[in-house]
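Okay, structure first, notes after.
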Amino acid sequence: MTTPLINLLLLVLWPLLLWPAVRLTGKARIWIVTVAGLGALAAGYEIWATFVWAPNVVAPIRFDINLISLALAAAYASAVPVLSIARWRKTAALLCLVVVTVVGVMVYVDGAARREAARLTVVFREQNALLFAAKFRDRATFDAYFGTADGGSAPNPAGHWQAAEQSNFSRLIVNPAGQSWLFYRCGDTECHFGPEELKSQPSDNGPTTWATLPDMQGDGRQSLRVTRESPDRLNVQIDGNLIRFVKAPPPIDPSPAPEMLDDLGPFSALECEGQHAKVRQVWLWRDGATLYSVGNFATKLAGVRADFLSPMVMGTAEGSDDGWVFKWSKDRKSWKAIIALAGDSATLMLFRDGRAVADQVLSPGAVIRDEAIDLAPRTTAADWAHWFDTVLVGHFAAGDLPPC
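Okay, so the sequence shown: first residue is 503 according to this note's numbering, each after it adds one.
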């Protein structure tokens, strides 16, 4: 809602009222002293919060800044008529100018934030639609993602099951290993809970699967019980609500678009430095002499789960004698990578702001798995670019790093 400059302007405005507070008398003086005191108090609080509290907190979120800015703008605005009536017109005019400017900026920033929120809502809905369609683009992708095939024996009702009645939950996929994906409706498409959320195990007294899943209405957990009614029917109870599912073929695209890009897969290396692990990983696609790449370069504590890994779209590069040269920027840093393919491996020379940060051989395989990258289309360069322009907005990868 506000900007740092506007916050600072409001916080340093209170000394303007000190001289009128000394010269005025009666109720006018009391009110101006009150407004100046509120400004000084807010400035003191922000100094403490910025230099004392925030450095000792992990990822501090400062919603209080907007509330303080609104309160100070209102307080200073109330001082304008008081100063005008008391014939401190120049001070009142300056104060009025500042308040009008501040309020104008706040309204503009708030409008821009609302427009950006609306844009992101559209993007996130398209993200969900793209990810859903990608998992069913062809039989090979479906089997690779879900690790499933039709059939299966009890106690795991392996296969693709579709809701037989109107419900927030639309389909259930179970593979022979017992891993489950429960789909629910999100906007005009479907999202799902996966094996990470669905902790299931067969019961001892029949073909029943027990699991829990996050409560979409809150922070709790919902109980899930799946019972096979017949070879082609399942009864699914979610917190006591019964939903019937029937076996059905998955919605695989019968005529997938031809693939123009060759998916070379991920290449990665892990370099230890004390207790920290430097992840160097690239995903590669190739179309003749053109190479397409996404990378993940991060340093995290080894042997624990790494969150908030931000993939970088390195873009495309044409082949040369030295390999493929990629140049891109992210977070106000300029990056350059030179990649060469050698047999089953790849070599990576990585530069950040002109300084070399890696010169490594990358082996086939991934340190970090990321479905948003693994499911990228292989049809055309335009489809590939649109995919990453959409699915990586607000996206972070996560994974368990091996110990050093």
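Ideal Cβ placement from N, Cα and C applies to all residues, glycine included.
How far does the beta strand (DSSP E) with residue i in it reach, from first residue to last?
i           : result
residue 768 : 764–775
residue 801 : 792–803
residue 729 : 723–732
residue 759 : From DSSP, residue 759 is part of no beta strand (DSSP E); its letter is neither H nor E.
residue 826 : 825–832
residue 779 : 778–789
residue 736 : 735–740
residue 899 : 899–902
residue 745 : 743–749
residue 523 : Residue 523 -> not in any beta strand (DSSP E); alpha helix (DSSP H) instead, spanning 520–525.
residue 811 : 807–811
Can you say whether residue i is buried or exposed, counting buried as having 16 or more other CB atoms within 10 angstroms of its CB?
i           : result
residue 794 : buried
residue 553 : exposed
residue 550 : exposed
residue 987 : The requested residue 987 is not part of the displayed model; the chain covers only 503 to 906.
residue 707 : Caution is warranted here: a pLDDT of 49 is assigned to residue 707, below 50, making its placement in the model unreliable, and the coordinate value is therefore given only provisionally. It is exposed - the Cβ of residue 707 has fewer than 16 other Cβ atoms within 10 Å.
residue 797 : buried
residue 562 : exposed
residue 739 : exposed
residue 623 : exposed
residue 661 : buried
residue 603 : exposed
residue 675 : buried
residue 889 : buried
residue 514 : exposed
residue 744 : exposed
residue 668 : exposed
residue 781 : buried
residue 592 : exposed
residue 558 : exposed
residue 810 : exposed
residue 534 : buried
residue 872 : buried
residue 509 : buried
residue 569 : exposed
Assuming residue i and residue j are in contact, meaning their beta carbons sit under 8 Å apart, how far apart are those beta carbons, in whole angstroms?
i           : j           : result
residue 894 : residue 768 : With 8 Å as the limit, residue 894 and residue 768 do not qualify as a contact, their Cβ atoms being about 16 Å apart.
residue 522 : residue 585 : 6 Å
residue 905 : residue 776 : With 8 Å as the limit, residue 905 and residue 776 do not qualify as a contact, their Cβ atoms being about 12 Å apart.
residue 839 : residue 848 : In fact, because the Cβ distance is near 11 Å, the residues do not count as touching under 8 Å.
residue 763 : residue 787 : 4 Å
residue 808 : residue 900 : 6 Å
residue 861 : residue 835 : Going by Cβ atoms, the distance from residue 861 to residue 835 rounds to 18 Å, so no, they are not a contact pair.
residue 821 : residue 830 : That belief does not hold up - the Cβ atoms of residue 821 and residue 830 are roughly 18 Å apart, past 8 Å.
residue 726 : residue 663 : In fact, because the Cβ distance is near 13 Å, the residues do not count as touching under 8 Å.
residue 659 : residue 564 : Residue 659 to residue 564, Cβ: 49 Å. No contact.
residue 864 : residue 784 : 7 Å
Between which two residues does the alpha helix (DSSP H) carrying residue i extend?
i           : result
residue 820 : Segment 814–822 is the beta strand (DSSP E) holding residue 820; no alpha helix (DSSP H) there.
residue 535 : 528–550
Quick one: complete alpha helix (DSSP H) runs, 4+ long, within the region 626–697? 641–648
If you scan the region 564–620 from start to end, which runs of the alpha helix (DSSP H) of 4 or more residues do you find wholly inside it? 566–587
Quick check: the region 749–769 against the region 881–889, are there 3 or more CB pairs under 8 Å? Short answer: they touch.
Touch test, the region 524–542 against the region 568–583, Cβ-Cβ under 8 Å, three pairs minimum: yes
Is the number of C-beta pairs between the region 608–622 and the region 580–599 that are closer than 8 Å three or more? No, they do not touch.
Let me know the alpha helix (DSSP H) ranges lying completely inside the region 840–897, each 4 residues or longer, listed in chain order. 873–876, 883–893
Determine contact between the region 747–757 and the region 676–684, defined as no fewer than three beta-carbon pairs at a distance below 8 Å. The region 747–757 makes no contact with the region 676–684; the number of CB pairs closer than 8 Å stays below 3.
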